[in-house]
Every structure is written in structure tokens, then in C-alpha cells.
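Take any residue in the sequence shown, count from 1 to its spot, add 5: that is its number in the working numbering. We put the CB at the ideal spot given by N, CA and C, even for glycine.
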Amino acid sequence: SCFPKDTLAVMRMGEAVGYACQLNQAVHEVNQAQRSRFWDKIVKHFGGPSHMRGKQLAFWGISFKPETDDIREAPSVALMQMALEAGAAVQAYDPASMSHLNTQMPAVKTVDSGRAYDALDGCDALIVCTEWSEFRHPDFEEIGRRLKHKTIFDGRNIYRRQTLHDLGFTYYCVGRPPVLQ
6 SCFPKDTLAV
16 MRMGEAVGYA
26 CQLNQAVHEV
36 NQAQRSRFWD
46 KIVKHFGGPS
56 HMRGKQLAFW
66 GISFKPETDD
76 IREAPSVALM
86 QMALEAGAAV
96 QAYDPASMSH
106 LNTQMPAVKT
116 VDSGRAYDAL
126 DGCDALIVCT
136 EWSEFRHPDF
146 EEIGRRLKHK
156 TIFDGRNIYR
166 RQTLHDLGFT
176 YYCVGRPPVL
186 Q
């Protein structure tokens, strides 16, 4: 996976000297399309665009990558924007980037308790966008209790499909078939 900021920087350097960096442009376009494809999974799960209004979505991981507070070009920001535009409410937690998110997206309810699980309360689904180590081995029973529906969209493929199947979750990931309950 190419880092979007790096890809954009190379494209801009090329533009500055009159050279079109076609490969970097193609990579950037593919990266952007993946966000829409992932959002389409979420919308389809809930029955289409008209059914998103009033849904409440929890996001874990806002920063572009773990161990940073940088949210520039973060897929989570694009997905949260799509959710808000569709009429869904968004709650979010990230170990490091909450202040940046509060500034950039004040419509998103952020959890400042330091507990990721608090972002789940009353939500219809969890969307995992950054593979922070604290998200890798969560208490799935607590997740199931706090969500309205045991549904996880894993944009980083950090969970095992069989585990979530056995626990009764509906689970969507990238590049693999979903687990439908």
C-alpha cells in the first residue's frame, strides 16, 4: 500500500517540473476508489443509501496509521464524511488523534474517556480504520453488548473471520467474503 501523502508529494514534484507522474496518479485513484468500495459495503449492509439516515456508526482508529496523530489523507476521515453526508451519526475513538478530529470534523462525537468501547454505545456497527495494537485483541463480548447489532466492518483485516463467526458477529473485511449471521 502506498502512503497517500507520499504519492501526492511525488505527483506534485512531477507537476512542478512539467512531468505527469501517471503511475502515481493511478495509485492515488485506486486508493481513493477503495474508500468508496468499503463505504458501499456499509451502505449495502444497511439496505441502501436511503436507509443510512439515523444510523449510528462507531469508528475505531482515525489516524492515518498507528502510533501517530496524523489524520491527513486518512481513510477514516473520508468514510466519516460519507457517513455524515448520508445522514448517519458518527462516534469515534483514536488513541492519539482526537484533538485533530475535533478541529476538522466537529460533527463527529468523540470519546475522550480513553476507552474505545465507550464509542460503541448505541451504535449500529463498528468500523475499524486503523490497526492500533489496542484494537487487535478486543473483548468481543463487550463489543457485542454495547452495539445495537453485532456488526463489524474491518478495513484493516485485523480480526479472524472464524472467531467472529463463532461469536455470532456479522463481519465485513477487505478482499475476503463477509461473515453473515
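message: Let me make sure I understand the geometry here. Which of L185, A83, H170 has the alpha-carbon closest to that of G43?
response: On the sequence shown, residue 43 is found 38 positions in, with the first residue counted as 1. The question names Gly, but residue 43 in the sequence shown is Phe. If we check each option's Cα against that of F43, A83 comes out closest.
field: T135 vs G66 beta-carbon contact at 8 Å
entry: Translated into positions along the sequence shown, residue 135 becomes position 130. Translated into positions along the sequence shown, residue 66 becomes position 61. In contact: T135 and G66 (Cβ atoms closer than 8 Å).
query: What is the residue span of the beta strand (DSSP E) that D159 lies within?
result: As a working mapping, residue 159 is identified with position 154 in the sequence shown. Segment 156-159, the beta strand (DSSP E) holding D159.
query: Is A124 helix, strand or coil by DSSP?
result: Within the sequence shown, numbered from 1, the residue matching residue 124 stands at position 119. A124 falls in the helix class under three-state DSSP.
message: In whole angstroms, give me the CA-to-CA distance for G160 and S55.
response: Numbered from 1 along the sequence shown, position 155 holds the residue referred to as residue 160. Numbered from 1 along the sequence shown, position 50 holds the residue referred to as residue 55. Near 23 Å, if we compare the C-alpha coordinates of S55 and G160.
message: Here's the rule I'm using: 16 or more other beta-carbon atoms within 10 Å means buried, otherwise exposed. How should P111 be labelled?
response: Against the sequence shown, residue 111 aligns to sequence position 106. With fewer than 16 Cβ atoms within 10 Å of its Cβ, P111 is classed as exposed.
message: I need the DSSP call for L84, collapsed to helix, strand or coil.
response: For the purposes of this step, residue 84 is taken as residue 79 along the sequence shown, with counting starting at 1. L84 falls in the helix class under three-state DSSP.
message: Suppose you measure from the CA of A21 to the CA of M85; what does that come to, to the nearest Å?
response: Within the sequence shown, numbered from 1, the residue matching residue 21 stands at position 16. Within the sequence shown, numbered from 1, the residue matching residue 85 stands at position 80. If you take the alpha carbons of A21 and M85, they lie about 32 Å apart.
query: Since F3 is in the beta strand (DSSP E), which residue starts that stretch and which ends it?
result: Any answer about residue 3 is impossible in this case: the structure gives the chain only from 6 up to 186.
Backbone secondary structure at A21 - three-state DSSP: What you label residue 21 is simply residue 16 of the sequence shown in a count that begins at 1. Correct three-state label for A21: helix.
message: Considering Cα atoms alone, identify which of C128, K155, A94, Y122 is closest to P143.
response: Position 138 of the sequence shown, counted from the first residue, corresponds to residue 143. Looking at the Cα atoms, Y122 is the closest of the given residues.
task: May I ask you to list the residues that DSSP assigns as paired with K114?
output: Counting from 1 along the sequence shown, the entry for residue 114 is found at position 109. Paired residue(s): Q96.
query: Is P100 near E139, with beta carbons less than 8 Å apart?
result: For the purposes of this step, residue 100 is identified with residue 95 of the sequence shown, where counting begins at 1. For the purposes of this step, residue 139 is identified with residue 134 of the sequence shown, where counting begins at 1. Contact flag set, yes.
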